[in-house]
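Colleague: Heads up: the sequence lines are chains P and E, in that order. What the first sequence shows, in numbering that gives the first Met the number 0, is residues 0 to 208, in sequence order. What the second sequence shows, in numbering that gives the first Met the number 0, is residues 0 to 196, in sequence order. For glycine and all other residues, C-beta sits at the position ideal for the given N, C-alpha and C. All values derive from a computational prediction rather than experimental measurement. Have a look at this one before I ask anything.
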Amino acid sequence: MGKDGPTAAERFIQGIIPENPVYRQLLGMCPTLAVTGGMRPAMTMAGAVAFVLICANILVSLIRNLLKPHLRILVFTLTIATFVTIADRFLAAKMYEMSKQLGPYVPLIIVNCIIICRCEVCASKQAVLTAASDAVGQSLGFALALASIASVREILGSGTWFELRVLPEAWPNWGIMILPPGAFLTLGLLLGAANWIGGLRSKRTETPA
Amino acid sequence: MADMRKKGYLTQAWLVLLLATGFGAALAGVHLTLKDEIAENKRRDTLGRIPTLVPGAEKGEVARLAGTLVYGAVDADGRQVGWVVPASGQGYNDRIELLIGLDPEALTLTGLYVLDQKETPGLGNKITSRKVFLDQFAGLMLDKALKVDKDDPAGTINAISGATISSRAVCDIVNGVVERLGEALRSAAQGPATQEE
Numbered sequence: 000m001g002k003d004g005p006t007a008a009e010r011f012i013q014g015i016i017p018e019n020p021v022y023r024q025l026l027g028m029c030p031t032l033a034v035t036g037g038m039r040p041a042m043t044m045a046g047a048v049a050f051v052l053i054c055a056n057i058l059v060s061l062i063r064n065l066l067k068p069h070l071r072i073l074v075f076t077l078t079i080a081t082f083v084t085i086a087d088r089f090l091a092a093k094m095y096e097m098s099k100q101l102g103p104y105v106p107l108i109i110v111n112c113i114i115i116c117r118c119e120v121c122a123s124k125q126a127v128l129t130a131a132s133d134a135v136g137q138s139l140g141f142a143l144a145l146a147s148i149a150s151v152r153e154i155l156g157s158g159t160w161f162e163l164r165v166l167p168e169a170w171p172n173w174g175i176m177i178l179p180p181g182a183f184l185t186l187g188l189l190l191g192a193a194n195w196i197g198g199l200r201s202k203r204t205e206t207p208a
Numbered sequence: 000m001a002d003m004r005k006k007g008y009l010t011q012a013w014l015v016l017l018l019a020t021g022f023g024a025a026l027a028g029v030h031l032t033l034k035d036e037i038a039e040n041k042r043r044d045t046l047g048r049i050p051t052l053v054p055g056a057e058k059g060e061v062a063r064l065a066g067t068l069v070y071g072a073v074d075a076d077g078r079q080v081g082w083v084v085p086a087s088g089q090g091y092n093d094r095i096e097l098l099i100g101l102d103p104e105a106l107t108l109t110g111l112y113v114l115d116q117k118e119t120p121g122l123g124n125k126i127t128s129r130k131v132f133l134d135q136f137a138g139l140m141l142d143k144a145l146k147v148d149k150d151d152p153a154g155t156i157n158a159i160s161g162a163t164i165s166s167r168a169v170c171d172i173v174n175g176v177v178e179r180l181g182e183a184l185r186s187a188a189q190g191p192a193t194q195e196e
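Structural data, given as structure tokens:
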């Protein structure tokens, strides 16, 4: 890869839809499946991941010229683990109930491949501004993906959205949607839809008018 | 040769060492800033749980017994109806923190609540479920140590499938409290409700 790579704006746009971490890269499946039973935990998770991703990307980009190739993964992991611990402690102090609800999934952000992937692909090779906009784009893409899954699951499973009632009281809650199988069903169907739309779009660009 | 290699290690690893030191200091700072708030959250959670852990209890009164913080559970008239003891021990991944509800003589377990845990999702974290795990503890006599049925055919605790270590850890924490504090709780309950030592 050349010194330049994609620009900051390209990185930002790519993260949201064209290279969406969940729908296109299929990364970060653990939180995607585990905390999308409701919008509130899903958005808290998206916020925590955004914080870790942005901080880690900026820091790794700042020290990218000092990295030794065989020690880089160690440095990435160390950086990510530090910011995850900060996020975890912050949630335990300021959002205690949410922190209990998310439980071990916050410390598990350490092994979320989205972050180490961005450190490796972008931050360790490109300047701070590009790395930061890459992190923001990927975080938005991740938040969008979690929001789409959590919306379907919470609305169908509990009749609410952000714990506000959106479906009439008479709605029979689809209990399965807030249970683990609901996560797989929703992700599978939305992933299929995303691929189908992506297929249609690439077909259109392949056959010029 | 050995000298050069040593030098080589340092020139390669200085960044890792520096970062580890810096991150360690940053985390220590974060811990110092937030630890009081986290402890306060846990205390509030504990006080709120006391009525569910000891039947008839309305609120908790802080007491110190044998150097350990315990809560005396009192009813609406101020009579002591039991104890709530915070205790922790090593689980499968990290420390498990429990609240243990006891009758005034510390002979019967009246309730159990998991305050904090980081056990494996889907397996060990089922220890927080009342239906699956915690409800079986209420009403158990503490005259002999609690054991999971997998370790001892006479054991009274039905371990969670796939999470024997987490289940065993919960039993061990309760046993430890009874062993350490049983006598002190018993004698304190005969005296005034809250006793400073």
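Along chain E, in chain order, which residues have C-beta atoms closer than 8 Å to that of alanine 91 of chain P?
Modeller: Here residue 91 of chain P is taken as the residue at index 92 of the first sequence, counted from 1. Within 8 Å Cβ-Cβ: Leu33, Ile37, Asn40.
Colleague: In the DSSP assignment, find the beta strand (DSSP E) that holds alanine 193 of chain P and state where it starts and stops.
Modeller: Taking the first residue of the first sequence as 1, we reach residue 193 of chain P at position 194. It is not in any beta strand (DSSP E) - alanine 193 of chain P instead sits in the alpha helix (DSSP H) that spans 179-205.
Colleague: Three or more beta-carbon pairs under 8 Å between the region 88-99 of chain P and the region 152-162 of chain P, yes or no?
Modeller: With the cut-off at 8 Å, the region 88-99 of chain P and the region 152-162 of chain P do not touch.
Colleague: Output needed for arginine 71 of chain P: all residues of its chain with C-beta closer than 7 Å, excluding positions within five of it in sequence on either side, in chain order.
Modeller: As a working mapping, residue 71 of chain P is identified with position 72 in the first sequence. These residues qualify, in order along the chain: Ser123.
Colleague: Counting only C-beta atoms, is phenylalanine 22 of chain E closer than 7 Å to chain P at any point?
Modeller: As a first step, residue 22 of chain E is located in the second sequence; it is residue number 23 there, counting from the start. So, interface residue.
Colleague: For proline 103 of chain E, which three-state DSSP category applies?
Modeller: Locating residue 103 of chain E in the second sequence gives position 104, counting from the first residue. Here proline 103 of chain E sits in coil by DSSP.
Colleague: Taking Cβ-Cβ distances shorter than 8 Å, what residues in chain E pair up with isoleucine 85 of chain P?
Modeller: Here residue 85 of chain P corresponds to residue number 86 of the first sequence, with the count starting at 1. By Cβ distance, chain E contributes Ala25, Leu26, Val29.
Colleague: Please name the residue in P:Thr84, P:Val59, P:Ala86, P:Ala126 whose C-alpha comes closest to that of valine 74 of chain P.
Modeller: Within the first sequence, the letter at position 75 stands for residue 74 of chain P. Looking at the Cα atoms, P:Val59 is the closest of the given residues.
Colleague: Which residues of chain P have a Cβ atom closer than 9 Å to the Cβ of alanine 162 of chain E, listed in chain order?
Modeller: Within the second sequence, the letter at position 163 stands for residue 162 of chain E. What alanine 162 of chain E touches in chain P: nothing, since even the nearest Cβ is about 13 Å away.
Colleague: With a threshold of 7 Å between beta carbons, is proline 103 of chain P in contact with chain E?
Modeller: Within the first sequence, the letter at position 104 stands for residue 103 of chain P. Yes, proline 103 of chain P lies at the interface with chain E (some Cβ there is under 7 Å from its Cβ).
Colleague: Step through the CB atoms of chain P and report whether any lies within less than 7 Å of the CB of leucine 18 of chain E.
Modeller: Along the second sequence, one-based indexing puts residue 18 of chain E at 19. Yes, contact with chain P.
Colleague: Can you name the residues of chain E whose CB is closer than 8 Å to the CB of alanine 33 of chain P?
Modeller: For the purposes of this step, residue 33 of chain P is taken as the residue at position 34 of the first sequence. Ordered by position in chain E, the residues that pass the 8 Å Cβ test against alanine 33 of chain P are Pro120.
Colleague: Apart from the five residues just before and just after methionine 131 of chain P, which ones in its own chain have a Cβ nearer than 7 Å to its Cβ?
Modeller: In the first sequence, residue 131 of chain P corresponds to position 132, counting from 1. Note that residue 131 of chain P is alanine in the sequence shown here, rather than methionine. For alanine 131 of chain P, where only same-chain residues beyond five positions count, the Cβ hits under 7 Å are Ile53, Asn56, Ile57.
Colleague: Just by C-beta distance, which residues in the region 133-157 of chain E are closer than 8 Å to chain P?
Modeller: Going along the region 133-157 of chain E in chain order, one finds no residue with a Cβ nearer than 8 Å to chain P.
Colleague: Which residues of chain E have a Cβ atom closer than 7 Å to the Cβ of leucine 184 of chain P, listed in chain order?
Modeller: Numbered from its first residue, the first sequence carries residue 184 of chain P at position 185. By Cβ distance, chain E contributes nothing, its closest Cβ being about 18 Å from leucine 184 of chain P, past 7 Å.
Colleague: Going by C-alpha distance, which of E:Asp142, E:Gly138, E:Ile164 is nearest aspartate 148 of chain E?
Modeller: As a position in the second sequence, residue 148 of chain E is number 149, starting the count at 1. When each option's Cα is compared against that of aspartate 148 of chain E, the closest is E:Ile164.
Colleague: To the nearest angstrom, how far is it from the Cα of valine 51 of chain P to the Cα of valine 83 of chain P?
Modeller: In the first sequence, residue 51 of chain P corresponds to position 52, counting from 1. In the first sequence, residue 83 of chain P corresponds to position 84, counting from 1. Computed Cα separation, rounded: 6 Å.
Colleague: Quick one: list the residues of chain P neighbouring valine 15 of chain E, beta-carbon separation under 8 Å, in chain order.
Modeller: Locating residue 15 of chain E in the second sequence gives position 16, where the first residue counts as 1. Within 8 Å Cβ-Cβ: Leu70, Leu73, Val74, Leu77.
Colleague: Is it a yes or a no for the region 89-107 of chain E touching the region 31-40 of chain E, going by three-plus beta-carbon pairs under 8 Å?
Modeller: Too few Cβ pairs lie closer than 8 Å, so no.
Colleague: Should threonine 45 of chain E be labelled buried (16 or more other beta-carbon atoms within 10 Å of its own) or exposed?
Modeller: The residue labelled residue 45 of chain E in the question sits at position 46 within the second sequence. Counting Cβ neighbours within 10 Å, threonine 45 of chain E comes out buried, since at least 16 surround it.
Colleague: What is the C-beta distance between glutamine 169 of chain E and leucine 97 of chain E, in whole angstroms, given that I count them as a contact (C-beta under 8 Å)?
Modeller: Residue 169 of chain E sits at position 170 when you count from the first residue of the second sequence. Residue 97 of chain E sits at position 98 when you count from the first residue of the second sequence. Just to set this straight, residue 169 of chain E is valine in the shown sequence, not glutamine. 7 Å between Cβ atoms; contact.
Colleague: Could you pull the start and end residues of the alpha helix (DSSP H) that glycine 14 of chain P belongs to?
Modeller: Against the first sequence, residue 14 of chain P aligns to sequence position 15. Where glycine 14 of chain P is concerned, the enclosing alpha helix (DSSP H) stretches over 7-15.
Colleague: Among E:Leu184, E:Gln189, E:Ala188, which residue has its Cα nearest to the Cα of glycine 66 of chain E?
Modeller: Residue 66 of chain E sits at position 67 when you count from the first residue of the second sequence. That would be E:Leu184, whose Cα lies nearest to the Cα of glycine 66 of chain E.
Colleague: Note down, in chain order, each residue of its chain lying with its Cβ closer than 6 Å to the Cβ of glycine 140 of chain P, except the 5 sequence neighbours on either side.
Modeller: As a working note, residue 140 of chain P is residue 141 in the first sequence. Counting only Cβ-Cβ distances below 6 Å, and skipping sequence neighbours, we find Gly14, Ile15, Asn19, Pro20.
Colleague: Indicate whether at least one CB of chain E lies closer than 7 Å to the CB of threonine 209 of chain P.
Modeller: Outside the modelled stretch of chain P, which goes from 0 to 208, sits residue 209 of chain P, for which no answer is possible.
Colleague: Who are the Cβ neighbours of cysteine 121 of chain P in its own chain at under 6 Å, not counting the five residues just before and after it?
Modeller: Looking up residue 121 of chain P in the first sequence gives position 122. Here the set comprises Ala130, Asp133.
Colleague: Give a yes or no on whether the C-beta atoms belonging to methionine 44 of chain P and valine 34 of chain P are separated by under 7 Å.
Modeller: On the first sequence, position 45 is the one that residue 44 of chain P refers to. On the first sequence, position 35 is the one that residue 34 of chain P refers to. Result yes, Cβ atoms of methionine 44 of chain P and valine 34 of chain P sit closer than 7 Å.
Colleague: Quick one: residues in its chain with C-beta nearer than 8 Å to the C-beta of leucine 145 of chain P, no 5 flanking neighbours on either side, listed in chain order?
Modeller: Residue numbering aside, residue 145 of chain P sits at position 146 when the first sequence is read from its first letter. Hits under 8 Å: Val21, Pro30, Thr31, Val34, Thr35, Ala41, Met42, Met44, Ala45.
Colleague: Buried or exposed: which applies to glutamine 90 of chain E, given that a residue is buried once 16 or more other Cβ atoms fall within 10 Å of its Cβ?
Modeller: Position 91 of the second sequence, counted from the start, is the residue given in the question as residue 90 of chain E. First, the amino acid is wrong: residue 90 of chain E is glycine here, not glutamine. Looking at its Cβ environment, which holds 16 or more other Cβ atoms inside 10 Å, glycine 90 of chain E is buried.
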